[in-house]
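Remarks on the structure that follows.
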Amino acid sequence: MTTVYKVHPAIGVARVGNSPDEFFLGPEHPDEHPLPADGFKDDQLRVKRQAARFRVFAHHDDGTAEEVTGPITWTVHLANAKAAHPDRGNDEPAADLTIDPGPRTLTGPGQSAVFDSGTITFDGQVATSVPLGEIRTDENGRLLVLGGAGTSDSPAGNGIGDFWGNAGWYDDTADGPVTAQLTLPDGSTPPVEGAWVLVAPPKFAPHQQNVITLYDRLLDVMVARNLAKAPTATSYTRDVYPILRRAADTRWVRDVGRVHSWAHPVTDQRTVDRIVKKLRPTGNMPDLNGEDAVLTKVQAGHLARWKAGTYTKDWAGEPAPDPGLTPDGLDRAALEACVGGAFFPGIEAGGRAEGDRPILESAYTSAFRLDHAQVAPGHVTAAMALPWQADFQACGQNWWPVPRPNDVFENVTATTAVVWDRDIGSMDEMVAHWHDLGFVVAQQAPDGTVRHVETEHLTPPPITLTTRRLDFVNVAQGPLGMVREAVLPIQLTVHSATTLELLPPDHPQLTALTSSVTVDPAADPSAEFLVAYRTGVAPSALPTQTLIVREPATGLQWPVQVDANTVARPGTAIALVVDRSASMGADGRGAAVRRAAAKFATLLLEGDGLGLVGFDTDAEALRAVQPLADDADALAATVAILDGDRLDPRGKTSVGDGILAGQALVQADPGGFGDQVVVVLTDGLANAPRAVDDDLAAEVLVRPYAVEVGPPHSIGAALKQLAGAFGGYQLTSSEADVDDTVLQVLADVSGAEVVTTAAGSLTAGAVERIPFTLADADGGIDVVLQVEAPDEVDFRLQTPNGLLLEPWRARQEAAMRYGSGNGLAWYRIALPVQLAAGRFEQGGIWHVVVTPGEPRLEPVGGAAGEAHGPGAGADLSILRGIAPAARRRVAAAAFRAAAEAPAAGGAANAAGAANAAEAQWRSERERAFAVVNSPVSRFRAAVAPAPVPAGTPYRLRVHAWSSVQLTADAEQDDVAAGSTVTVTAFLNEAGFPIDGAAVVAEILRPTGRTQIQTLTPIEDDAGYQGTFTVTEPGTYRVRVTAQGRARNGQPFTREKLVTAACWTADTPVPPEG
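Going by our numbering, the sequence shown opens with residue 11, and the numbers climb by one from there.
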């Protein structure tokens, strides 16, 4: 006896559902209607998935067949190729658009595997992970295929504009081959004919069949290809009754007006003739849309024999499903539950038109068995609607009322139908709420009749999720790979008072900044949860995450998909445009500008590039844009130009030419920088074309900044307007302050915040300890000491845990830098630091420790340091005996009180409180490296100092790359004496406002007098504002300082320099410059 082994059903059908754990089996007997325990939804009203179960049968040459249970090795390969269809409007390579996780294999009972590695990538978006479901084996080794969760989305946030083809969208339906390797008791492994599986949308009227099923449609195809024989005999019960019953049952899913109420069997010839006459193409039945909504040839043949009376009159009452399980029955049951007519494109499989209907036009090896050698995974469903919910919403009129009902009855006593999708008003809502729709099932009415009624319909809760996904796209690291944070909101609209909660994310790079919200819609119907993403290594992307918003009172949940990726910080191409006109020779102005420019170049970030332009009557490119941070020779060459005669004062002043030359320089750079910036350093005495005016602005394509050095002039207003229009700004500075002014511009160009600034003098034998406060929101810092001879200064940092960071250590750590030269010594540090094993330091009070001496470029040991332990290699003698313990107790408390003092009086109050405490005794912890909380503390050192002259001045700046940001501006209504300046400041953390901060403006007037102005909160805004009056000509330097607390409660400080000006119209302009 010859035996052939085959998998059945030949085409199995699974269906998506958003219940993660519960499922039911699809029909396995013809005319079988699934009725899962407790309904088609789980206890949270999430749709259960329909599983397709596969078995192996032995087919013998005597016509018998029986199931073979193993051992069987199953392999399934699911894919989704919808987005790769050439008519979708996507231009990406097909491989990027095909969700293909590859095959999965199970080798025995009780196993499972998930299709979770498939991705889809659209241009400009990170690869999005799209799970396609899973496979399992039951206790007998049979295969179960379960589909996806019904997720459909557009990573770029594209809208839905078509029922079928929407560019940039994906869903998680799928199809693919099913193969089995069978091992017989004798150890042999005979070939097994494989099967195919379709993963389709749910069937919402599972107790009905379509008038034209997919089995009917495919049977015609099989007959046409000589893969099956056309029936020549007709049974009323098996062949005629199903067609009539399906047509009659349409009344339960479509308001047809008149009800087909034939009594079976229908044998009256006039009735038979009338029914047959109504059939297409001469009539209008089936009453479905679509040119192909016509009975198949096989169905028409059965009705023709019925009309002719040449059929078997075998009616014995409504037949029950055949209890026997047969291979043909499995094949038929799976396909009879699917749509076979009105393919435009259909539900489970089909297509819009001939030539693009793979289920009908693909290669088959035998009846209903697709050819694995010629049909690729994902091909059969590739022509279906994308997303499937769009077609579900669009085709609510006579297309497929069984899987997608039109009208339904809400209970067994209802006499009027209601619209099935009555709570869904758009394609977008269908994507979001398809699982709220009800299932139409057969139920017995009180009068004993069977009616098909809607069950498990979820009335939309009084909560609408408006943010279905969060896309943290291409979040850039900070310098040196510093961790940066991006924050996005999940937003909901609430119509009745409730409390919502956001469950904690599973991934460590995601943080729920808001965990619970109580909403009273009478006051504000919106609810918002903030979610933070912290960057990782570059490049990297998170696997797609799902966050859950939950209403505890009801248990209802709203999933929010999260995709996030990290990229390296894109560099910035910067052109320093330096005024070399004759007027720059006055008051040492040119020398001051060149010195400041050299400091700007010295502190350039890794990955940024700098070029030089000099301008007088005309502009000249002096050096092309190139990186300097890790190239000592390139930095030296740049500084040599700044020190050389090519910038000696000459000619008149064409600021406009300089700006355009700087723009040309950064645009000509081939290095692929991510941003382009021009920084203009000028005295503002413009007297040669081109003018800074609207015509110039029309040509500007880069972000400009300007520093006007010397007495202010009218060009300052024009530069301010130009820079502000393109995201930059203009500052005015004296010659003495130009270094700090230019370094403020550097901070903004590089995306840094100013934490604090300080100034003082170094004296022989004294140690300056200057505190600055960092928060965990600060991902990295630059600590910059400006001093005339940086190589004659011992400059260190002390962490909140008291550990010393010295130049030698910073130079050997990958995430740290130490440099000196051109009047600077500086540390660049990516946070957190780990100077001792297991101790990570970031937020807290740090100190700058500086004294005359030499930089510590080598580690030390022995009595002066520690050979082992947390401070290994650090010279601790700088801290020895710095103050008696009794002196430090009061000062620490005094500084805390000063830091928490009301904003009125600002920094002056804080400094006063600390100075008042300076004369008292203090205390600290027992540790030798305890932190002394004072603004600036001076102690005698036990270190022999280098011979630095007494009173050597220094300036200190601390910049941070942080999600806590301060922006400030000074707006003038006029520049004449008596005019008003409005200072406005905004604080935010990752783009979200920070309230409750103390913000102060310290205004240094041209006379040298300092005015303290408290900025008050702006009503109905997240900013702070104050005003002052200009009274005398000159520059007004406004130092805006802010003290507040970050989201996690840690304190922070921020500073921003803005300027205002006052001048008279008759200010002379030297003709030579």
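For each residue, glycine too, the CB sits at the ideal point set by N, CA and C. This one's a predicted model, so the numbers in the text were calculated from it and none came from an experiment.
Residue range of the alpha helix (DSSP H) that includes residue i
| i | result |
| --- | --- |
| glutamine 673 | 665–678 |
| glutamate 346 | 337–346 |
| tryptophan 316 | 307–318 |
| threonine 648 | 642–653 |
| threonine 476 | Here threonine 476 belongs to no alpha helix (DSSP H), and DSSP marks it neither H nor E. |
| phenylalanine 610 | 599–612 |
| leucine 513 | Where leucine 513 is concerned, there is no enclosing alpha helix (DSSP H), given that its DSSP letter is neither H nor E. |
| glutamate 371 | 368–371 |
| proline 252 | 251–259 |
| alanine 757 | 748–759 |
Inter-residue Cα distance where the pair is residue i and residue j
| i | j | result |
| --- | --- | --- |
| glycine 36 | valine 57 | 14 angstroms |
| alanine 940 | proline 810 | Summary for alanine 940: the model assigns pLDDT 27, below 50, so the residue's position carries little reliability; its value from the coordinates is reported in the next sentence. Each residue's Cα considered, the two are about 8 angstroms apart. |
| glycine 448 | serine 525 | 32 angstroms |
| threonine 990 | arginine 1049 | 17 angstroms |
| tryptophan 444 | aspartate 259 | 23 angstroms |
| lysine 730 | alanine 746 | 21 angstroms |
| valine 529 | leucine 55 | 24 angstroms |
| glycine 875 | glutamine 519 | Bear in mind that the predicted position of glycine 875 carries a pLDDT of just 49, short of 50, making it too unreliable to give a figure here. |
| valine 527 | alanine 548 | 34 angstroms |
| glycine 1044 | alanine 1071 | 6 angstroms |
| glutamine 975 | valine 188 | 56 angstroms |
| valine 17 | valine 231 | 21 angstroms |
| alanine 791 | alanine 533 | Here residue 791 is isoleucine; the residue named in the question, alanine, does not match the sequence. Taking the straight line from one Cα to the other gives about 42 angstroms. |
| threonine 509 | threonine 977 | 34 angstroms |
| threonine 477 | alanine 551 | 21 angstroms |
| alanine 920 | glutamine 1053 | Its pLDDT being 34, under 50, alanine 920 is placed unreliably in this model, and the coordinates cannot settle the point. |
| proline 514 | glutamate 77 | 48 angstroms |
| valine 450 | threonine 556 | 30 angstroms |
Nearest-angstrom beta carbon gap, residue j and residue i [assumed within contact, 8 angstroms]
| i | j | result |
| --- | --- | --- |
| proline 714 | valine 690 | 7 angstroms |
| threonine 423 | alanine 455 | 7 angstroms |
| valine 649 | glycine 672 | Actually they do not touch by this definition, with Cβ atoms about 19 angstroms apart. |
| valine 390 | proline 368 | 5 angstroms |
| aspartate 618 | isoleucine 584 | 6 angstroms |
| aspartate 788 | alanine 970 | 4 angstroms |
| alanine 1007 | leucine 997 | 5 angstroms |
| threonine 1063 | threonine 1074 | The pair is not a contact, with the Cβ atoms about 38 angstroms apart (cut-off 8 angstroms). |
Test: residue i CB closer than 8 angstroms to a CB of chain B
| i | result |
| --- | --- |
| leucine 622 | Structure shown: chain B not included; a single protein chain is present. |
Where the beta strand (DSSP E) through residue i begins and ends
| i | result |
| --- | --- |
| alanine 427 | No beta strand (DSSP E) contains alanine 427, which DSSP labels as neither H nor E. |
| methionine 826 | 826–831 |
| lysine 288 | Run containing lysine 288: none; DSSP gives neither H nor E here. |
| lysine 16 | 13–18 |
| aspartate 979 | 974–982 |
| alanine 634 | 629–637 |
| glutamine 1023 | 1020–1027 |
| proline 714 | 713–719 |
| isoleucine 780 | 776–784 |
| threonine 1037 | 1033–1039 |
| arginine 819 | Premise fails: arginine 819 lies in the alpha helix (DSSP H), 817–822, not in any beta strand (DSSP E). |
| arginine 63 | 59–70 |
inquiry  = Below 8 angstroms, how does it come out for the segment 110–119 and the segment 193–206: are there three or more Cβ pairs, yes or no?
reply    = When Cβ pairs closer than 8 angstroms are counted between the two stretches, the segment 110–119 is seen not to touch the segment 193–206, the count staying below three.
task = State whether the segment 646–663 contacts the segment 550–570, with contact taken as three or more CB pairs (one from each stretch) at a distance under 8 angstroms.
result = Contact fails between the segment 646–663 and the segment 550–570, because fewer than three Cβ pairs, one in each stretch, are under 8 angstroms apart.
key: Touching by the beta-carbon criterion (3+ pairs, under 8 angstroms), the segment 343–358 and the segment 36–56   = The segment 343–358 is in contact with the segment 36–56.
ask   = So, do the segment 828–836 and the segment 777–785 have three or more beta carbon pairs nearer to each other than 8 angstroms?
value = Fewer than three Cβ pairs drawn from the segment 828–836 and the segment 777–785 lie within less than 8 angstroms of each other, which leaves the two stretches out of contact.
message = Restricting to runs no shorter than 3 residues, where is the beta strand (DSSP E) found entirely within the segment 385–469?
response = Segments of the beta strand (DSSP E) lying fully in the segment 385–469: 449–454, 460–465.
ask   = Does the segment 146–163 come close enough to the segment 38–48 that 3 or more CB-CB pairs lie under 8 angstroms?
value = No, they do not touch.
inquiry  = Extract the residue ranges of the beta strand (DSSP E) inside the segment 549–579, only unbroken runs of 3 or more that lie entirely within it.
reply    = Counting only runs of 3 or more, we get 555–560, 567–577.
inquiry  = Is it the case that the segment 635–643 contacts the segment 847–865, given that we only count it when at least three CB pairs across the two stretches are under 8 angstroms?
reply    = The segment 847–865 makes no contact with the segment 635–643; the number of CB pairs closer than 8 angstroms stays below 3.
task = Decide if the segment 240–249 is in contact with the segment 375–388; the criterion is three or more beta carbon pairs, one per stretch, under 8 angstroms apart.
result = Taking a contact to require three or more Cβ pairs closer than 8 angstroms, the segment 240–249 and the segment 375–388 do not qualify as touching.
request  = Return the chain-ordered ranges of every alpha helix (DSSP H) run that is complete within the segment 838–878 and spans a minimum of 4 residues.
outcome  = As far as the segment 838–878 is concerned, it has no whole alpha helix (DSSP H) run of at least 4 residues.
query = Between the segment 816–823 and the segment 587–602, do at least 3 Cβ pairs fall closer than 8 angstroms?
reply = No: the two stretches stay apart, fewer than three of their Cβ pairs being nearer than 8 angstroms.
key: Within the segment 119–174, ranges of the beta strand (DSSP E) (whole runs, at least 3 residues)   = Here the runs fully enclosed are 122–124, 144–147, 153–156.
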